[in-house]
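Taking it in order: structure first as structure tokens, then the write-up.
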Amino acid sequence: MSGDVVDPAAQSDQELQFEGALRPSRLGEFIGQEKVRSQLTLLLSAASLENRTPDHILLAGPPGLGKTTLAMIVAEESTSPLRMSSGPAIQHAGDLAAVLSALTPGEVLFIDEIHRMARPAEEMLYLAMEDFRIDIMVGKGPGATTVPLELAPFTLVGATTRSGLLPNPLRDRFGFTANLEFYSTEELAAVVRRSASVLTIDADEQALAEIAKRSRGTPRIANRLLRRVRDYSLVHGGHATLDNAKAALELYDVDDWGLDRLDRQVLEILIGRFGGGPVGLGTLSVSVGEEAETIESVVEPFLVRQGFIVRSPRGRIATPMAWQHLGRDAPTLNDL
-14 MSGDVVDPAA QSDQELQFEG ALRPSRLGEF IGQEKVRSQL TLLLSAASLE
36 NRTPDHILLA GPPGLGKTTL AMIVAEESTS PLRMSSGPAI QHAGDLAAVL
86 SALTPGEVLF IDEIHRMARP AEEMLYLAME DFRIDIMVGK GPGATTVPLE
136 LAPFTLVGAT TRSGLLPNPL RDRFGFTANL EFYSTEELAA VVRRSASVLT
186 IDADEQALAE IAKRSRGTPR IANRLLRRVR DYSLVHGGHA TLDNAKAALE
236 LYDVDDWGLD RLDRQVLEIL IGRFGGGPVG LGTLSVSVGE EAETIESVVE
286 PFLVRQGFIV RSPRGRIATP MAWQHLGRDA PTLNDL
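Structure (structure tokens):
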């Protein structure tokens, strides 16, 4: 039997092209986060009128809300080149010095997960952000000297999912802090509609609304679910109907509330093994078999926002809504 051989590298490139195509390149194309968009528009317009580099920008919020996309838009709107790095990749002051010294005038430096930078690099960044210079230590011991190195004016765009972990001196040096909020179902429907148009996916409006409803208020998840519904519809023939969308999302363990396998597992452990809690984060993460950071940063915010669990000084507690969602009767005061 003959047939075309699929090149994995070419397939990967195609996936990356899809991801890039879904990212808006201008603030006017960015859906949602209206207040942040208005604030950024004002900040960038003022910088353009004064012919200066925009103030440093901190983007804070849960994963998947568009922090990287907004950083790219800042560079595009400023007609400036963009250099990208991440906090975990900058573990020494020398790593940061190499990045900063290579910047060109007006360049936008994006550091993702900036709260995970090493402390010596953070302290070097203070001076770089404020005075556009860094001090390089030359030599060791009593003969060591400090040599100042002037930097080209640049705009730092930092992204963090844990703004509380940023030291105050670093947070205070950002001229503008944008706090990104979860999307409404209507906003997500607009995101999915745009993505379906970009990817030329033939989908019913009801199917798009169903995807938006189960996307946890997060555009990244909405786009991922859209592509899984597309795959399901391709395999089973026809376009993306409501029935195909529901069948695909059920196949991938995404329920009507947007809870996935890990979310339900946390609730099952909390209710089935610990009677609804309270349970400490460490005990819960060991019971589920996931890192505590994953539970705290990925699972918990959604479950708390939807009213399935509450956090107390003694630990996590399942609400009556969680018991009902799992088809169980919540304990009464007499049962406690």
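Using our numbering, read the sequence shown as starting at -14 and increasing by one per residue. Glycine residues also receive a C-beta, built at the ideal position from the N, C-alpha and C atoms.
Would you report the Cα separation of residue i and residue j, rounded to the nearest angstrom?
{"i": "Ala225", "j": "Pro66", "result": "39 Å"}
{"i": "Val(-10)", "j": "Arg246", "result": "Low per-residue confidence applies at Val(-10): pLDDT is 41, beneath 50, and the placement is therefore not dependable, though the value from the model is reported in the following sentence. Cα-Cα distance, rounded: 34 Å."}
{"i": "Leu155", "j": "Leu110", "result": "8 Å"}
{"i": "Tyr217", "j": "Ile42", "result": "40 Å"}
{"i": "Met57", "j": "Asp157", "result": "23 Å"}
{"i": "Val59", "j": "Leu29", "result": "8 Å"}
{"i": "Asp116", "j": "Val284", "result": "40 Å"}
{"i": "Glu172", "j": "Asp120", "result": "46 Å"}
{"i": "Pro316", "j": "Leu210", "result": "35 Å"}
{"i": "Leu150", "j": "Ile196", "result": "33 Å"}
{"i": "Ser63", "j": "Ser33", "result": "7 Å"}
{"i": "Ile302", "j": "Glu278", "result": "18 Å"}
{"i": "Trp324", "j": "Lys20", "result": "This structure gives no information on residue 324, because the portion of the chain shown stretches from -14 to 321."}
{"i": "Leu244", "j": "Ser148", "result": "25 Å"}
{"i": "Ile186", "j": "Arg101", "result": "38 Å"}
{"i": "Trp308", "j": "Arg201", "result": "20 Å"}
{"i": "Asp320", "j": "Phe259", "result": "In this prediction, Asp320 has a pLDDT of 47, which is less than 50 and means its spatial position is unreliable; nothing more can be read from the coordinates."}
{"i": "Asp40", "j": "Asn153", "result": "17 Å"}
{"i": "Gly160", "j": "Glu235", "result": "45 Å"}
{"i": "Glu221", "j": "Val84", "result": "The sequence given here has His at residue 221, not Glu. Taking the straight line joining both Cα atoms gives about 49 Å."}
{"i": "Ile294", "j": "Glu14", "result": "36 Å"}
{"i": "Ala232", "j": "Arg213", "result": "11 Å"}
Taking the DSSP output, what are the residues bridged to residue i?
{"i": "Ala144", "result": "Leu44"}
{"i": "Leu134", "result": "Ile119"}
{"i": "Met109", "result": "None; Met109 has no bridge partner."}
{"i": "Phe357", "result": "The displayed coordinates of the chain run from -14 to 321. Any statement about residue 357 would go beyond what the structure contains."}
{"i": "Val264", "result": "Arg301"}
{"i": "Ile280", "result": "None, per the DSSP bridge assignment."}
{"i": "Ile75", "result": "Ile75 is not bridged to any residue."}
{"i": "Arg37", "result": "None, per the DSSP bridge assignment."}
{"i": "Val334", "result": "Residue 334 lies beyond the residue range present for the chain, which begins at -14 and ends at 321; the question has no answer from this structure."}
Locate the alpha helix (DSSP H) running through residue i, then write down its first and last residues.
{"i": "Met102", "result": "Where Met102 is concerned, there is no enclosing alpha helix (DSSP H), given that its DSSP letter is neither H nor E."}
{"i": "Pro305", "result": "Pro305 to His310"}
{"i": "Phe287", "result": "Glu285 to Arg290"}
{"i": "Leu29", "result": "Glu19 to Leu34"}
{"i": "Leu227", "result": "Leu227 to Leu236"}
{"i": "Leu12", "result": "Segment: none, Leu12 is in no alpha helix (DSSP H) and carries neither H nor E."}
{"i": "Leu85", "result": "Ala78 to Ser86"}
{"i": "Ile58", "result": "Lys52 to Glu62"}
{"i": "Glu253", "result": "Arg246 to Glu253"}
{"i": "Arg156", "result": "Asn153 to Arg156"}
Within 8 Å of any Cβ in chain D, is that where the Cβ of residue i sits?
{"i": "Gly223", "result": "The structure shown has no chain D; it contains just one protein chain."}
Completely contained beta strand (DSSP E) runs for the region 159 to 225, where each covers 3 or more residues: Correct list: 161 to 164.
message: Closer than 8 Å is the cut-off here; do at least three beta carbon pairs connect the region 94 to 113 with the region 67 to 80?
response: Enough Cβ pairs lie closer than 8 Å, so yes.
query: Between the region 45 to 65 and the region 156 to 174, do three or more beta carbon pairs fall short of 8 Å?
result: The region 45 to 65, when compared against the region 156 to 174, does touch it at the 8 Å Cβ threshold.
- request: Indicate whether the contact test is met: 3 or more Cβ pairs, each with one atom in the region 10 to 29 and one in the region 252 to 269, closer than 8 Å.
  value: Flag = no, the region 10 to 29 and the region 252 to 269 do not touch.
query: Okay, do the region 75 to 88 and the region 133 to 143 touch, 3+ Cβ pairs below 8 Å being the bar?
result: Yes, the region 75 to 88 is in contact with the region 133 to 143.
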